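The numbering used here puts the first residue of the sequence shown at 86, with every later residue one more than the last. Here is the structure we will look at.
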Amino acid sequence: MARIMEWPHFRRHCSLLLIFNISITFSFFQPRYLKTYIGDPSFAVIYYSSRANKMAPSGPYRLVTVNTAPERAKRLIGRVVEDVKDTYTLIHVANAERIEDLRKTVEEAKPDLLFTASMWTPEEAAQIVAIAKEVIPNLRTYSLPQGLQVQKGPDAVVEFIEEHLGEILGAN
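Okay, structure coming up:
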């Protein structure tokens, strides 16, 4: 949307835009072009957009989960993906239901990121991470604290992942 304003109105409007955190892009044309569009070179054409300074989300990051309940993993990760879509592009490419299936899943999916569910003990989670890193040494991994889902519910799992996602991804 473009608006044409005289200088006093421009200053007041600019202040209001900055209060509401809306970015502003100025386009001052050569006088001959201004005459073509508005007839007076003392005017400026101002374009503003609430999305002008937003950066594209980082990623995409391919994610594999290790969870014995694949539908729950898909549902919870789907919520995380939706909540962080302005910052990160996550793609849930696969879930391994058993530790025995993990190597094959990681080899086929080639993820950038692996999450272990809160159902695994710390020893099992360490084993899962070790197997995955044998296949992809620089794989980013994160193990949810054991019992988080049972003790605090699915909302806590989603919130926990979202709070830690920046550090997991190296603040990319």
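In this text, a Cβ means the ideal position worked out from N, Cα and C, and glycines have one as well. The model shown is predicted, which means the values in this text are computed figures rather than measured ones.
- Beta-bridge partners assigned by DSSP to Leu175: Tyr146.
- Under the three-state reduction of DSSP, Ala154 is assigned to coil, being neither helix nor strand.
- Exposed is the label assigned to His249, since fewer than 16 other Cβ atoms lie within 10 Å of its Cβ.
- Assignment of Leu199 by DSSP, reduced to helix, strand and coil, places it in the strand class.
- Taking every protein chain shown into account, the CB of Gln234 has 16 or more other CB atoms within 10 angstroms, so this residue is buried.
- For Thr226, the enclosing beta strand (DSSP E) stretches over residues 225-228.
- The straight-line gap separating the alpha-carbon atoms of Pro196 and Pro145 is approximately 10 Å.
- Check the Cα spacing between His177 and each of Gly251, Ala141, Leu199: the tightest is with Leu199.
- For a cut-off of 8 Å, the C-beta gap from Leu224 to Tyr173 is around 17 Å, too long to register as a contact.
- In the DSSP assignment, Ala241 forms no beta bridge with any residue.
- Within the DSSP bridge table, the entry for Ala181 names Val151 as partners.
- A Cβ-Cβ distance of about 6 Å is found for the pair Glu247 and Val165, placing them in contact under the 8 Å criterion.
- Excluding its 5 nearest sequence neighbours in each direction, Thr153 has C-beta neighbours in its own chain below 7 Å: Glu182, Met204, listed in chain order.
- Of the residues Ser143, Lys159, Ala141, the one whose Cα lies closest to the Cα of Pro239 is Lys159.
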